[in-house]
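Visitor: In our numbering, the protein residues as written are 186 to 572.
For glycine and all other residues, C-beta sits at the position ideal for the given N, C-alpha and C.
Given the structure is predicted, the values throughout are model-derived calculations rather than measurements.
(1) Quick one: residues in its chain with C-beta nearer than 6 Å to the C-beta of residue 503, no 5 flanking neighbours on either side, listed in chain order?
(2) Can you give me the Cβ contacts of residue 263 inside the same chain, cut-off strictly under 8 Å, excluding the 5 residues immediately before and after it?
(3) Could you check the C-alpha separation between residue 368 and residue 536 for me, to the nearest Å?
(4) In the DSSP assignment, the beta strand (DSSP E) including residue 466 goes from what residue to what residue?
(5) Which of helix, strand or coil does DSSP assign to residue 217?
(6) Using 9 Å as the threshold, is the C-beta distance between residue 472 and residue 506 below it?
(7) Taking just the CA atoms, how far does residue 191 sit from residue 279?
(8) Starting from residue 480, trace the beta strand (DSSP E) in both directions and tell me its first and last residue.
(9) Use the C-beta contact count for residue 490: other C-beta atoms within 10 angstroms, 16 or more gives buried, fewer gives exposed.
(10) Quick check on DSSP: helix, strand or coil for residue 197?
(11) Exposed or buried, what is residue 202 when buried is set at 16 or more other beta-carbons lying within 10 Å of its beta-carbon?
(12) In whole angstroms, give me the CA-to-CA distance for residue 283 and residue 425.
(13) Looking at C-alpha atoms only, which residue of 338, 231, 277, 401 is the closest neighbour of residue 289?
(14) Smallest Cα separation from residue 324: which of 477, 376, 555?
(15) Along the beta strand (DSSP E) that carries residue 292, what are the first and last residues, could you check?
(16) Let's see if you can read the secondary structure: which residues bound the beta strand (DSSP E) around residue 280?
Written out as C-alpha cells, the structure reads:
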C-alpha cells in the first residue's frame, strides 16, 4: 500500500505542547510524531511559532510504507541548560533515526543552550559516551533526506551530525556559535554515501564541516565558514576498523578568520586506512591560519599522543584556484606520514599572501614532509612537493 493523497497536519500544540519556553513538551512531541509516522496519507509534523522547552527526543521510524512525515519547524526548540536530563550514553538532544524520504524545513531555530557547559569541557564530559557533549540534531540511518531552512544555535557539542546514511542533501541553513565554544563542529558526517552540503553559513568554535570515516561521494559547495577551524577531512584513524574516505569535492567556498582553511587530519599511530580522490577548488581565504594543510600527526591536547606515524594513505589530493590572505607565514603545509607518504598531491593556481599583525604583505612559504606530487600554473608560495 502507498500513502493516500489526503494530507493531514499533526501540530504539536494539539497534543499538549506549550510554546511558553518553560513547559517541558517532549511527551507531546513524541505523541504527535507517532501518529504522523503511522498515518496512511501525506503527513506534516508541525512545530508552530513559539518557544518549546524540550528534553532529549528521538523521532524514529520506519514510518508507514517507508515514507516519512514532512517536519516543519517554525518555532524555536530550546534545550535544557545543563546535562542532568541527558543520559550518559545519549549522543544527541534531537535525533531522527531509521527514516526514508525525510524532509526537514520551516525556518525555525534549534537552540542547544550550550553556554553553561562550554566552560567545563572536557572535564564535564567525563563519564559520557566518548566524552562528547550532546549533538544538537542527529540524523542516523536516514535515506533520501533533505534538510533546509533551519538555524542551529549554540549547540553543546556538534551542531548537525549525519551518520550511516545515504543520499542526504543539506542546503540553505545557518549554524551559529561563538568562536571560542569548544567542540561545536558545524556539520560532521561519517559512514555516509551521496552527501551534498550547499549554501550554508557556519560560524562556530570548531570545524565548520568535518568529513569523517566511511564517507564517499561528497559534494560541498558555497559554504561561508568562519570563525571556526575551517573545512576538514578527519580526523581519521582514531579508532579501530575505520572505513576509507573517497570521492570528496569542496568548491566555491569562502573561509574567514579561522585557525585552518582546508585541512586533512589523521592520527599518528593509526591503523591502516585510506583517503583518496579529494578536490579543493575555487576557495577564497580571508585572514586564515594554515590555509592549506595536511596534518598526519594530529593529536588533541587532552588525549594521549604518540610519536608513531599515521598509517592512513592519502592519495590523489587536488588543490585548484585557492587564493586569499594567510595569517601565517607558512601558507601551505603538507606534513605527511613517513610510513605512507602522500601520493598524487596536485597544486594548480595557488595565490596566497601573508598578512602580518600590522596588515603588511610579506613573503609566504611552503613546508613539505613526505609529500609527493606536482604543481601547475601560478604558485604563491613556491611549492615544495617532491616528484
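Guide: This is what the structure gives:
(1) Working through the chain shown from its first residue, we reach residue 503 at position 318. Closer than 6 Å at Cβ, skipping near neighbours: 464, 531.
(2) Here residue 263 is taken as the residue at index 78 of the chain shown, counted from 1. The residues are 206, 236, 237, 238, 239, 296, 298.
(3) Within the chain shown, the letter at position 183 stands for residue 368. Within the chain shown, the letter at position 351 stands for residue 536. Between the alpha carbons of residue 368 and residue 536 lies a distance of about 31 Å.
(4) By 1-based counting over the chain shown, the position of residue 466 is 281. Counting along the chain, the beta strand (DSSP E) containing residue 466 begins and ends at 458 to 473.
(5) Here residue 217 corresponds to residue number 32 of the chain shown, with the count starting at 1. Helix, per DSSP.
(6) The residue given as residue 472 occupies position 287 in the chain shown. The residue given as residue 506 occupies position 321 in the chain shown. Against a cut-off of 9 Å, the Cβ pair of residue 506 and residue 472 comes out as no contact.
(7) Here residue 279 refers to the residue found at position 94 of the chain shown. Here residue 191 refers to the residue found at position 6 of the chain shown. Cα to Cα, residue 279 sits roughly 28 Å from residue 191.
(8) The count along the chain shown starts at 1 and reaches residue 480 at position 295. Residues 477 to 483.
(9) By 1-based counting over the chain shown, the position of residue 490 is 305. So residue 490 counts as exposed.
(10) Along the chain shown, one-based indexing puts residue 197 at 12. Residue 197: helix per DSSP, three-state reduction.
(11) What you label residue 202 is simply residue 17 of the chain shown in a count that begins at 1. Around the beta carbon of residue 202, a 10 Å sphere encloses 16 or more other beta carbons of the protein chains shown; the residue is thus reported as buried.
(12) Start at 1 with the first residue of the chain shown, and residue 283 comes out as number 98. Start at 1 with the first residue of the chain shown, and residue 425 comes out as number 240. Each residue's alpha carbon lies about 25 Å from the other.
(13) In the chain shown, residue 289 corresponds to position 104, counting from 1. Looking at 338, 231, 277, 401, the one whose alpha-carbon comes closest to that of residue 289 is 231.
(14) Residue numbering aside, residue 324 sits at position 139 when the chain shown is read from its first letter. When C-alpha distances from residue 324 are compared across 477, 376, 555, the shortest belongs to 376.
(15) Locating residue 292 in the chain shown gives position 107, counting from the first residue. Here residue 292 belongs to no beta strand (DSSP E), and DSSP marks it neither H nor E.
(16) As a working note, residue 280 is residue 95 in the chain shown. It spans 277 to 285 - the beta strand (DSSP E) in which residue 280 sits, taken as one unbroken run.
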